[in-house]
Each structure stands twice: as C-alpha cells, then as structure tokens.
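Engineer: This is the structure, below, for whatever I ask next.
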Amino acid sequence: LESDDHTVYLQAVRELATLPRIDVVSMLWDISQSHTGRVQARMMNPLREFDPELANRLALQILNNAKSEFLTDALYTLWKTGSPAGISLASSMLLTHPEAIVRQWSATYLGACGTQDQIPILQQALNDRGTDEEGREVGKVAKACIAAIEERESGRSD
C-alpha cells in the first residue's frame, strides 16, 4: 500500500478484500496516521470502501492542512461519501484558495453536499474565471452547483 509503484499499490488494494474487515480498517488507518502526503491521501480510497466514516475523518485531516497537495482528493472523498463534514472548509477554500482546481472541487462538493445555506458562497464564485486542466471555469461550475442545490431543495419541499 505504501509503494511508489501504482501497479503494486492497486494489487495490494485488491488483496485487502481477502482480509477481515476490522484488520483492513486498522491497517489503513495506521498507515494514514504514520504518513503524510501521497501515501496518506491514497488511504482514503480503500478506507471509503471499508469504513466511510474514517475516510471522511482522514479527508478532514487533510483539508485542515491548507498547504496539502491533496485537497482535491480529500474533497473528492467527502463528495463521494456524501458527507457534509467539510462544508465550512470548502466554503472558505472556494473563495480563497490560489489553485483553480481546488476552488472548482470546493464548488462541486458544496453543490453535492450543501444546502440553500451554501448558495451565497457559490454566488460569490460566479465570476471566478479560473479553470481546471480540462478548461472548466470555476464560475460555471458554481452556477451549475447552485442549480443542483435549488433543484434538490425544491424536491424536498414538494
């Protein structure tokens, strides 16, 4: 799991399914707490499968380090599990983070896990012309996320 070789890492992840769940969770958590950076971030993927709450806890640890290179990975984990635990951190990063990809993932996460309360934050990002590596503008993502929240919230009131 700690290998730099991606193929070795993937093989190790596949082999986790053969072990007792409690042992897998313990091993993944121990690795995540004894490493930082890429190895720590890599543990979120298998943790999501075996213990989503611990994966979310690890994602929050990473998000609390504003200088982490793995903020998008952490936001992805929270988005994938549907956890609202990182809403305030994502709200702050959406408006202040220097990297467009982090702002874009913050908007995406807020759109998926946020409520009407996050719409004003997303509205502040509508003029953000920063783009990710595929050319998607943060402002356009924020607009789509506002629409998603409004649609979801209107469905709840019916």
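The numbering of the sequence shown is the working numbering, which starts it at 250 and goes up by one. Yeah, the Cβ is synthetic: ideal placement off N, Cα and C, and Gly gets one too. Just so we're clear, the structure is a prediction, and the values are computed from it rather than from any experiment.
Near L303, what residues of its chain come up, given a Cβ to Cβ distance below 8 angstroms and the 5 sequence neighbours on each side ignored?
Structural biologist: Excluding residues up to 5 positions away in sequence, V274, L277, W278 and L296 lie with their Cβ nearer than 8 angstroms to the Cβ of L303 in the same chain.
Engineer: Please state whether DSSP places E400 in a helix, a strand or coil.
Structural biologist: E400: helix per DSSP, three-state reduction.
Engineer: For S337, which option in E348, T330, C362 and D322 has the closest C-alpha, if you only look at C-alpha atoms?
Structural biologist: C362
Engineer: Could I get the ranges of all uninterrupted beta strand (DSSP E) runs contained in the stretch 332-402, with 3 residues as the minimum, in chain order?
Structural biologist: As far as the stretch 332-402 is concerned, it has no whole beta strand (DSSP E) run of at least 3 residues.
Engineer: Could you check the C-alpha separation between G384 and R270 for me, to the nearest Å?
Structural biologist: Distance between the alpha carbons of G384 and R270 is about 40 angstroms.
Engineer: Any idea if A308 is buried or exposed, counting beta-carbon neighbours within 10 angstroms, 16 or more meaning buried?
Structural biologist: buried
Engineer: Straight-line CA distance for L259 to L250?
Structural biologist: Taking the straight line joining both Cα atoms gives about 8 angstroms.
Engineer: Any idea if S340 is buried or exposed, counting beta-carbon neighbours within 10 angstroms, 16 or more meaning buried?
Structural biologist: buried
Engineer: Exposed or buried, which one is R352 when buried takes at least 16 other CB atoms within 10 Å?
Structural biologist: buried
Engineer: DSSP on S317, reduced to helix/strand/coil?
Structural biologist: If DSSP states are grouped into helix, strand and coil, S317 belongs with coil.
Engineer: Taking the beta carbon of D377 as the centre, do at least 16 other beta carbons fall within 10 Å, making it buried, or is it exposed?
Structural biologist: buried
Engineer: Express the C-alpha separation of E399 and D254 in angstroms, rounding to a whole number.
Structural biologist: Computed Cα separation, rounded: 43 angstroms.
Engineer: Let me see if you follow: with CB-CB separation under 8 angstroms, is G286 close to chain B or not?
Structural biologist: Considering every chain present, this structure includes no chain B. It has just one protein chain.
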